[in-house]
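Chains as they are written, first to last, in the numbering used here: chain X, 1 to 292; chain G, 1 to 271.
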């Protein structure tokens with residue numbers, strides 16, 4: 001961390017230095033905190049303004065729990081699936097002795113893919129795995145295998161998961177490469193001197209050290225998928241009842257017939273996201289003890 | 001240590017590489033098939049010929065530029081001031097810039113509409129009229145929302161840039177030569193931040209240009225909602241536009257790669 005020049009603490013100066021941050025805080029209050037606080041407050045209000053827990057209780061009435069659960073399942077599935085693929089790919093690129101030139105190419109690709117989301121990503125998967133998509137047709141015409149007949153459907157849980165994975169695993173890859181490179185050579189040599197095999201080294205030393213970082217990044221991926229709206233909307237047209245889609249429907253036309261229940265639904269999302277991010281930063285701090 | 005090629009590493013690498021490439025290749029081939037029995041660029045021609053394409057794309061580009069300008073005006077002086085004078089506020093400012101990771105776009109736009117579709121009153125005094133009434137003020141709200149989304153990337157880029165230089169010494173040197181704050185920021189700090197600002201700006205651009213959620217719910221004629229509409233009505237044009245959009249993302253990331261080479265730090269967005 002760069003050292004910053006600090007003036008000797010003089011009281012009168014100190015009060016003025018705060019003014020420099022006023023525009024930023026004003027913006028944050030107006031466009032982040034005020035909107036969130038207003039959702040928060042009205043989540044605990046009846047339609048005529050009294051205090052109530054009824055909206056929070058309403059979150060546990062169908063169809064809302066199903067929406068949260070579907071979002072959680074898609075996010076968990078793509079966090080674990082994308083996490084594993086990303087981790088093993090990072091492993092391959094760092095200690096797998098692959099040709100050196102693969103690395104910069106793959107990293108650039110991962111940087112692009114992890115930012116390639118939303119409507120265009122949905123289009124790409126429709127063109128590839130949709131009913132008349134490129135891969136669907138090849139599998140059907142060349143291999144006689146109709147994946148839609150076999151139970152695959154792009155516009156469903158599994159299809160959405162496959163699509164989300166496209167931006168999930170590159171993100172894992174980008175974060176895990178520096179983490180794996182943070183493993184000290186000494187540890188490996190020490191393990192080998194004591195007679196450990198490669199597998200034993202990874203199982204007893206490498207993985208336990210990487211575990212907090214691995215789990216933390218998976219939590220990040222979870223949050224990444226949990227908040228996603230555009231990809232899911234463009235892919236399924238709003239037929240898959242994710243919590244983000246449900247909130248979208250509520251905004252379009254008060255489908256719950258209770259605006260305050262809609263606000264509570266948004267509040268529930270923020271709570272889940274906050275827990276996820278807290279878990280991530282906690283694990284991040286643990287992993288920094290070893291990997292610096 | 002013996003270096004040998006491992007099938008295990010190859011297996012995972014190839015699997016990942018196929019995951020990268022197949023959808024792109026598939027989309028590309030699909031986009032060429034608008035005319036039966038032959039490969040052609042007809043889908044691209046038809047997609048670009050739609051006047052709505054140019055209109056919405058231009059609109060989103062203007063919004064992206066405004067977002068970048070506002071975000072820079074907000075983030076650069078703040079990050080500079082935190083570095084120079086109030087380093088103990090760093091955790092607070094950092095926390096605020098990370099809020100978009102806790103408040104997803106769909107919740108943010110929900111809150112923005114709820115708060116700004118009626119007059120904003122503080123202690124009974126109206127400080128702001130409803131912003132969703134005219135298209136100009138809704139555009140302002142859209143840009144504000146985009147600035148919020150850009151904060152994590154912009155702040156981190158600028159913060160990394162500031163860490164790489166000696167802010168205190170540069171400022172003192174400029175002050176001793178008689179420079180005011182404006183001159184210091186404009187003539188000393190900004191030029192030193194060039195590559196950081198460019199990468200923050202391009203990442204913001206990549207996030208904003210195709211953004212769907214906020215633009216849709218604010219009802220603005222942006223490129224994201226237009227794309228979603230095309231997806232409902234056309235077959236091959238969406239594939240063509242997906243390829244174009246991938247190319248644009250690639251261009252933005254490629255330039256970031258160039259200008260920030262060797263500075264570390266990954267660039268990636270949230271969805």
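All residues carry an ideal CB built from backbone N, CA and C; glycine is no exception.
Bear in mind the structure is a predicted one, so any value in this text is a computation, not a measurement.
{"Query": "Closer than 7 Å, CB to CB, is residue 35 (chain X) near chain G or not?", "Result": "yes"}
{"Query": "Go to residue 14 (chain G), then tell me how far its beta strand (DSSP E) extends in each direction, as first and last residue.", "Result": "Premise fails: residue 14 (chain G) lies in the alpha helix (DSSP H), 7–31, not in any beta strand (DSSP E)."}
{"Query": "So, for residue 202 (chain G): in the same chain, excluding its five sequence neighbours on each side, which residues have a beta-carbon less than 7 Å away from its beta-carbon?", "Result": "252, 255 and 256"}
{"Query": "Identify whether residue 128 (chain X) lies in helix, strand or coil by the three-state DSSP scheme.", "Result": "helix"}
{"Query": "Cα-Cα, which of G:211, G:159 and G:177 is closest to residue 81 (chain G)?", "Result": "G:159"}
{"Query": "So with Cβ pairs under 7 Å, would you call residue 9 (chain X) a contact of chain G?", "Result": "Residue placement at residue 9 (chain X) cannot be trusted, given a pLDDT of 48 that sits under 50; what the coordinates show is reported in the next sentence. For residue 9 (chain X), the answer is no, since every Cβ of chain G falls outside 7 Å of its Cβ."}
{"Query": "From what residue to what residue does the beta strand (DSSP E) around residue 184 (chain G) run?", "Result": "Taken as a continuous stretch (DSSP letters only), residue 184 (chain G) belongs to no beta strand (DSSP E), as it is neither H nor E."}
{"Query": "Does the Cβ of residue 233 (chain G) have 16 or more other Cβ atoms within 10 Å, making it buried, or fewer, making it exposed?", "Result": "exposed"}
{"Query": "With residue 219 (chain X) and residue 40 (chain X) assumed to form a contact (beta carbons below 8 Å), what rounded beta-carbon distance in angstroms separates them?", "Result": "With 8 Å as the limit, residue 219 (chain X) and residue 40 (chain X) do not qualify as a contact, their Cβ atoms being about 23 Å apart."}
{"Query": "Mind checking residue 58 (chain G): buried by the 16 CB within 10 Å criterion, or exposed?", "Result": "exposed"}
{"Query": "Interface residues of chain G around residue 108 (chain X) at Cβ under 9 Å?", "Result": "250, 253, 254 and 257"}
{"Query": "Chain X partners of residue 186 (chain G), CB-CB under 9 Å?", "Result": "Ordered by position in chain X, no residue passes the 9 Å Cβ test against residue 186 (chain G), which lies about 16 Å from the chain."}
{"Query": "Distance, Cα to Cα, residue 93 (chain X) vs residue 231 (chain X)?", "Result": "29 Å"}
{"Query": "Along the region 221–247 of chain X, where does the CB come closer than 8 Å to a CB of chain G? Name the residues.", "Result": "223, 224, 225, 226, 227, 228, 229, 230, 231, 233, 234, 237, 244 and 247"}
{"Query": "Name, in chain order, the residues that DSSP records as bridge partners for residue 45 (chain X).", "Result": "X:51"}
{"Query": "Going by the CB atoms, is the gap between residue 130 (chain G) and residue 119 (chain G) shorter than 7 Å?", "Result": "yes"}
{"Query": "Quick one: using the 10 Å Cβ neighbour count with 16 as the cut-off for buried, is residue 109 (chain G) buried or exposed?", "Result": "buried"}
{"Query": "Tell me, please, whether the region 193–204 of chain X touches the region 98–105 of chain X by the rule of three or more beta-carbon pairs shorter than 8 Å.", "Result": "no"}
{"Query": "Can you tell me the Cα-Cα spacing of residue 86 (chain X) and residue 240 (chain X), whole angstroms?", "Result": "26 Å"}
{"Query": "In three-state terms, what does DSSP make of residue 86 (chain G)?", "Result": "coil"}
{"Query": "Near residue 277 (chain X), what residues of its chain come up, given a Cβ to Cβ distance below 7 Å and the 5 sequence neighbours on each side ignored?", "Result": "223"}
{"Query": "Under 7 Å between C-beta atoms, does residue 127 (chain X) make it to chain G?", "Result": "yes"}
{"Query": "Just the C-alpha distance for residue 66 (chain G) and residue 183 (chain X), rounded to the nearest angstrom, thanks.", "Result": "43 Å"}
{"Query": "Establish whether the CB of residue 7 (chain G) and some CB of chain X are separated by less than 7 Å.", "Result": "no"}
{"Query": "Taking the beta strand (DSSP E) that residue 122 (chain G) falls in, what are its first and last residues?", "Result": "120–122"}
{"Query": "Assess contact between the region 258–266 of chain X and the region 51–64 of chain X, defined as three or more Cβ pairs (one per stretch) separated by less than 8 Å. Is contact present?", "Result": "yes"}
{"Query": "Tell me which residue opens and which closes the alpha helix (DSSP H) that residue 38 (chain G) is part of.", "Result": "Per DSSP, residue 38 (chain G) belongs to no alpha helix (DSSP H) and is neither H nor E."}
{"Query": "What residues in the region 65–85 of chain X have a beta carbon less than 8 Å from any beta carbon of chain G?", "Result": "85"}
{"Query": "Quick one: give me the first and last residue of the beta strand (DSSP E) that residue 126 (chain G) is part of.", "Result": "125–128"}
{"Query": "Enumerate in chain order the residues of its own chain whose CB-to-CB distance from residue 178 (chain X) is below 6 Å, with the five nearest sequence positions on each side excluded.", "Result": "none"}
{"Query": "Under the rule that 16 or more other beta-carbon atoms within 10 Å means buried, what is residue 122 (chain G), buried or exposed?", "Result": "exposed"}
{"Query": "Taking residue 79 (chain G) and residue 237 (chain G) to be in contact with their CB atoms under 8 Å, please state how far apart those CB atoms are, rounded to whole angstroms.", "Result": "Contact flag wrong, Cβ pair sits at about 42 Å."}
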